[in-house]
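Student:
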Amino acid sequence: AFHGNHPSAIIIDDKGIIRGRWDGWSPRLAEIIRMAIWALKIVPEQGIQADLATVKGLVEEKEYLKALYLLEIMPENIESAALKYQCKLEVSENSAIRYFDVIQEKYRGDEQYPAVMESIMHLVLVSDSRTDAVIKNGLDAAERLLRSGRNGDYRVHETMGILCYRYGESFKRKGVQALENSIPAAKMNCAGDDVIEHLEEQVKKFQTMAETMRRRK
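Under the numbering used here, the first residue of the sequence shown carries the number 14, and numbering increases by one thereafter.
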């Protein structure tokens, strides 16, 4: 089917009911459609259970989107919090960042809270994410562990050190990008040649500093 010269994908069930429609196309749309068919047809036909055992199996198979679907229809509890964060981190970093705030607000004070923080700390570490807000999740999780009586655990300090360094690198990249963006912004606002020249010098200065740091590593 076509709508405005864009392809449309439509899912119709065996009763003739339209269960989904997507106008246009994107690289991830095929995956989304396969996921919709799995949820609407395969799950009920095969009697797939929404429980932790099934979710863990899907996570081991790296079927994070399917695992997340089951987690979303399960009752929310701290036992599934780390798994849910892991799936969200694989599917959408922004969703994981928001969910970390939910975990802190909802489960702080629970006896299993430190264990969840430890899991999240390691998940962020092995993810090798370059997103500063994700790295901050790992740092905050490490900080919670230190406050919970793990100050003598060298592994927490080691992980925190690695994440601190990664967090700093992320902000350096963001700083250079902000300086680069300042030049077109200045030109758009008809800034003088002296301002443009100053900004270009700033960009070169910090780009050189960043390149020097990379070579030292």
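Note that beta-carbon positions come from the ideal geometry of N, C-alpha and C, so glycine has one too.
1. To test your reading of the DSSP string, which unbroken alpha helix (DSSP H) runs of 4 or more residues are found completely within the segment 81–108?
2. Does the Cβ-Cβ distance between residue 72 and residue 99 come in under 9 Å?
3. Can you list, in chain order, the residues of its chain whose CB lies under 6 Å from that of residue 106, leaving out five sequence neighbours each side?
4. Measuring only the C-alpha atoms, how far is residue 94 from residue 116?
5. Do residue 23 and residue 34 count as a contact pair if the criterion is CB distance below 9 Å?
6. Rounded to a whole number of angstroms, what is the C-alpha to C-alpha distance between residue 47 and residue 213?
7. Whole angstroms is fine: what's the gap from residue 168's alpha carbon to residue 131's?
8. Only counting the same chain, and skipping five residues up and downstream in sequence, which positions put a Cβ closer than 8 Å to that of residue 175?
9. By the DSSP assignment, the alpha helix (DSSP H) with residue 168 in it spans what residues?
10. State whether the segment 112–127 contacts the segment 150–162, with contact taken as three or more CB pairs (one from each stretch) at a distance under 8 Å.
11. Answer yes if the segment 183–193 comes into contact with the segment 213–224, meaning at least three C-beta pairs across the two stretches below 8 Å, and no otherwise.
12. Classify residue 21 as buried or exposed, calling it buried when 16 or more other Cβ atoms lie within 10 Å of its own Cβ.
13. If you draw a straight line from the alpha carbon of residue 219 to that of residue 157, how long is it in whole angstroms?
14. For residue 198, is the classification buried or exposed, using 16 other Cβ atoms within 10 angstroms of its Cβ as the cut-off for buried?
15. Is it the case that the segment 59–67 contacts the segment 77–91, given that we only count it when at least three CB pairs across the two stretches are under 8 Å?
16. Work out the CA separation of residue 154 and residue 103 for me, nearest whole Å.
17. Terminal residues of the continuous alpha helix (DSSP H) containing residue 132?
18. What does the Cβ neighbour count give for residue 133, buried or exposed, with the cut at 16 atoms within 10 Å?
19. Measure the C-alpha to C-alpha separation of residue 41 and residue 76 and round it to an integer number of angstroms.
20. Secondary structure at residue 161, three-state DSSP: helix, strand or coil?
21. Can you tell me the Cα-Cα spacing of residue 78 and residue 97, whole angstroms?
Tutor: Taking the definition as stated:
1. 94–104, all fully within the segment 81–108.
2. When the beta-carbon positions are compared, residue 72 and residue 99 come within less than 9 Å of each other.
3. Excluding residues within five positions, the ones whose Cβ falls inside 6 Å are 144 and 147.
4. Distance between the alpha carbons of residue 94 and residue 116: 7 Å.
5. Result yes, Cβ atoms of residue 34 and residue 23 sit closer than 9 Å.
6. Taking the straight line from one Cα to the other gives about 48 Å.
7. Straight-line measurement puts the Cα of residue 131 at about 10 Å from the Cα of residue 168.
8. Excluding residues within five positions, the ones whose Cβ falls inside 8 Å are 138.
9. Where residue 168 is concerned, the enclosing alpha helix (DSSP H) stretches over 167–201.
10. The segment 112–127 is in contact with the segment 150–162.
11. They touch, by the three-pair rule.
12. By the Cβ neighbour-count rule, residue 21 is exposed, with fewer than 16 other Cβ atoms within 10 Å of its own.
13. Straight-line Cα distance between these residues: approximately 34 Å.
14. Counting other Cβ atoms within 10 Å of its Cβ, residue 198 stays below 16 and is therefore classed as exposed.
15. Yes, since at least three Cβ pairs between the segment 77–91 and the segment 59–67 fall closer than 8 Å, the two stretches touch.
16. In this model, residue 103 and residue 154 are separated by some 18 Å (Cα to Cα).
17. That run of the alpha helix (DSSP H) goes 126–140.
18. It is buried - the Cβ of residue 133 has at least 16 other Cβ atoms within 10 Å.
19. Annotation: residue 41 to residue 76 spans about 15 Å, alpha carbon to alpha carbon.
20. Helix.
21. C-alpha separation (whole angstroms): 10 Å.
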